[in-house]
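Structure record follows, encoded as structure tokens.
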Amino acid sequence: MTVTDVPLANPSPATARRRGRGIVPVIPALAVVVLVFVIPVLALLLRSVLEPEPGLQNYAAFFGSTTYLKVLGNTFLVAGTVTLATVLLGFPVAWFLAIAPSFWSRLLFAIIILSMWTNLLARTYAWMVLLQRTGIINRTLMDLGLISEPLPLINNLAGVTIGMTYIMLPFMILPLHATIRAIDPAVFQAAALCGASRWQAFTRVMLPLAASGIAAGALMVFVMSLGYFITPALLGGTSNMMLAELIAQLVQSLLDWGLAGAAALVLLVVTLAIYLVQLRFFGFGQARS
Amino acid sequence: MLLDFARLGPWRVVLIVIAVLVGAYLLLPILLIVALSFGSSQWLQFPPPGWTLRWYEELFDDPEWIASFLTSFQIAAVVTVLSVVIGLMASFGLTRGEFRGREVLRALFLTPMILPVVVLAVALYAFFLRLHLNGTFLGFVLAHLVIALPFSIIAISNALERFDRDIETAAIVCGASPLEAKIRVTLPGIRLGLISAAIFSFLASWDEVVIAIFMASPDLQTLPVRIYSTLRQDLSPVIAAVSTLLIALTAALMALAALFRKDARS
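Top line first, the protein sequences correspond to chains A and B.
Counting with the UniProt record's numbering, you get residues 1 to 289 for the letters of the first sequence.
Counting with the UniProt record's numbering, you get residues 1 to 266 for the letters of the second sequence.
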């Protein structure tokens with residue numbers, strides 16, 4: 001008798017589906033997610049159309065205000081710059097990791113994982129120390145005579161961009177590394193046999209083969225950067241906010257729940273839209289691996 | 001040619017230079033914090049004028065730091081247990097159950113991971129205001145559980161999908177009850193998934209700061225909240241000491257994970 005003959009283990013799919021087999025163990029997780037996630041988030045979004053009175057006035061206020069539109073612009077600007085910087089720095093590093101002698105690639109891997117797992121506040125603190133007016137970077141540059149005045153590196157978008165690039169780099173390098181490793185080295189032998197130069201092999205073979213990995217990593221970094229709160233709050237200035245900080249401030253200082261709900265919905269819609277693009281073109285597993 | 005390190009030609013130099021620079025960019029800030037935590041300069045001079053354990057003494061002499069450390073640990077420990085148990089049950093349902101809407105459920109369970117956490121933080125803050133859960137242990141556990149659960153479900157589902165179910169069936173054929181077979185055959189078979197679920201759940205709660213900032217009360221603060229509110233005032237070297245301890249914890253967990261991986265390979 002083969003194991004598939006055991007009646008208990010394998011009822012026919014049709015009867016199983018009707019009985020909803022296996023749904024019971026999912027119930028505790030479903031309860032947690034519905035009660036502590038779905039309901040609170042929906043309630044917040046509802047407030048955007050109900051408070052202070054029913055209507056779309058919160059959205060009109062959000063999109064009608066140059067202050068809030070500037071926050072939206074800052075958010076996209078920082079997320080875009082961080083994404084570009086992580087692609088430009090991350091691609092060569094992922095490439096190096098895929099082909100370098102194993103001691104060096106393992107060492108670099110360990111550094112990347114250590115950095116990624118180190119507490120976010122600890123890393124942000126390091127950048128606050130490094131970037132401040134009398135910080136190490138400014139003092140070194142002045143000692144070298146490269147600048148006469150300290151550069152404004154903190155409490156502005158430059159500081160936010162430097163700190164967030166640092167935090168996002170591992171999320172670009174790791175998926176890109178997987179993509180480059182999956183490329184068959186034989187395609188480059190074929191390219192060489194056909195007379196391609198290194199540059200041609202790079203632009204016509206390697207980049208197209210790595211394009212899906214680059215796009216998946218870029219979308220992930222972009223979408224994570226859009227909603228980032230801690231690093232902008234600590235490295236950024238009060239005059240150049242990002243969207244997540246605005247939402248927090250609307251709730252904590254201004255108690256304007258309606259407008260906060262509207263800003264949250266804007267952030268959610270953008271996030272989910274980008275996420276659906278990712279899901280549609282790259283699949284869930286690849287984007288997260 | 002391009003995937004052969006020895007035959008990269010001049011491109012090899014470019015790759016090495018960028019790899020070294022990025023490695024330094026990622027590593028130096030971490031080393032800097034460790035150095036500053038032992039440095040004697042209040043103003044975080046580098047290189048430090050002298051060495052001292054003063055900041056660690058200040059840290060351990062301050063009951064508030066100790067209290068927030070314990071609070072974070074207790075919350076993370078409870079969240080880890082709940083997340084692994086609930087995640088294990090959900091993973092069984094998601095990988096083996098045959099009901100309508102399974103894929104929708106899976107997507108729903110993973111959504112808290114991709115949603116900007118500030119939205120969840122503000123939403124939970126409002127929701128918990130009505131339920132009087134802000135600033136309570138239960139409130140922290142519930143909020144962190146939602147953040148930790150996706151990591152748990154991913155790790156355990158992956159392990160369950162790789163596990164050969166025929167082994168479990170064989171145990172049942174040999175006379176084990178279905179529950180006994182799950183506990184004595186399947187759980188040991190997916191133990192690596194369970195361990196990584198536990199590590200990620202613990203870290204998800206231990207490192208969580210955005211929700212905690214909104215929910216914390218003066219009486220109940222987690223360690224990240226305490227660091228964050230201190231950082232908003234000044235860049236005290238005590239933070240460097242706390243950070244160094246957190247980095248040591250990370251390194252220890254990494255070593256642990258590496259050991260388990262070795263164990264899995266052999």
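Using N, Cα and C, we set each Cβ at its ideal position, and we do this for glycine too.
- In this chain, the alpha helix (DSSP H) harbouring Ala263 (chain A) covers 257 to 282.
- For the beta strand (DSSP E) assignment, the region 67 to 106 of chain A encloses no uninterrupted run of at least 3 residues.
- Interface flag for Gly93 (chain B) against chain A is set, since a Cβ pair is found closer than 8 Å.
- For the pair Ile156 (chain B) and Ser91 (chain B), the CB atoms are nearer than the 8 Å cut-off.
- A Cβ-Cβ contact shorter than 8 Å links Pro48 (chain B) with Ala35 (chain B).
- The C-alpha of Ser217 (chain B) lies about 14 Å from the C-alpha of Ile227 (chain B).
- The Cβ atoms of Leu145 (chain B) and Ser72 (chain B) do not sit closer than 8 Å to each other.
- A Cβ of chain A is located within less than 8 Å of the beta carbon of Asp4 (chain B).
- For Thr95 (chain B), the enclosing alpha helix (DSSP H) starts and ends at 63 to 96.
- Any Cβ of chain B closer than 8 Å to the Cβ of Ala264 (chain A) would place that residue at the interface, and such an atom is present.
- Just measuring C-alpha positions, the residue of A:Phe229, A:Phe222, A:Ser212 sitting nearest Phe214 (chain B) is A:Phe229.
- Between Gly22 (chain A) and chain B, the shortest Cβ-Cβ separation is below 8 Å.
- Residue pairing by DSSP places Trp51 (chain B) opposite B:Gly39 in a beta bridge.
- Of the candidates B:Glu98, B:Arg130, B:Thr136, B:Ala143, the residue whose Cα lies closest to the Cα of Val117 (chain B) is B:Ala143.
- Within the region 248 to 259 of chain B, those residues whose Cβ lies closer than 8 Å to any Cβ of chain A are, in chain order, Thr250, Ala251, Leu253, Met254.
- According to DSSP, Arg21 (chain A) shares a beta bridge with B:Glu98.
- Contact annotation: in the region 203 to 214 of chain A, residues whose CB is within less than 7 Å of a CB in chain B are Met206.
- Note on Pro237 (chain B): 16 or more other CB atoms within 10 angstroms of its CB, so buried under the neighbour-count rule.
- Contact residues of the region 51 to 64 of chain A toward chain B are absent (C-beta to C-beta distance below 8 Å).
- Assignment of Gln200 (chain A) by DSSP, reduced to helix, strand and coil, places it in the helix class.
- Within 7 Å of the CB of Asp207 (chain B), the CB atoms of chain A belong to Asn119, Leu120, in sequence order along the chain.
- In the displayed model, Asp234 (chain B) falls within coil according to three-state DSSP, outside both helix and strand.
- When secondary structure is reduced to three states using DSSP, Thr169 (chain B) falls in the helix class.
- Under the 10 Å beta carbon count, Val24 (chain A) is surrounded by fewer than 16 other beta carbons and is classified as exposed.
- The DSSP-derived three-state label of Gly163 (chain A) is helix.
- Taking the Cβ atoms as the reference, Ile214 (chain A) lies roughly 7 Å from Leu176 (chain A), within the contact range of under 8 Å.
- Within chain A, Leu121 have C-beta atoms less than 7 Å from the C-beta of Tyr228 (chain B), given in sequence order.
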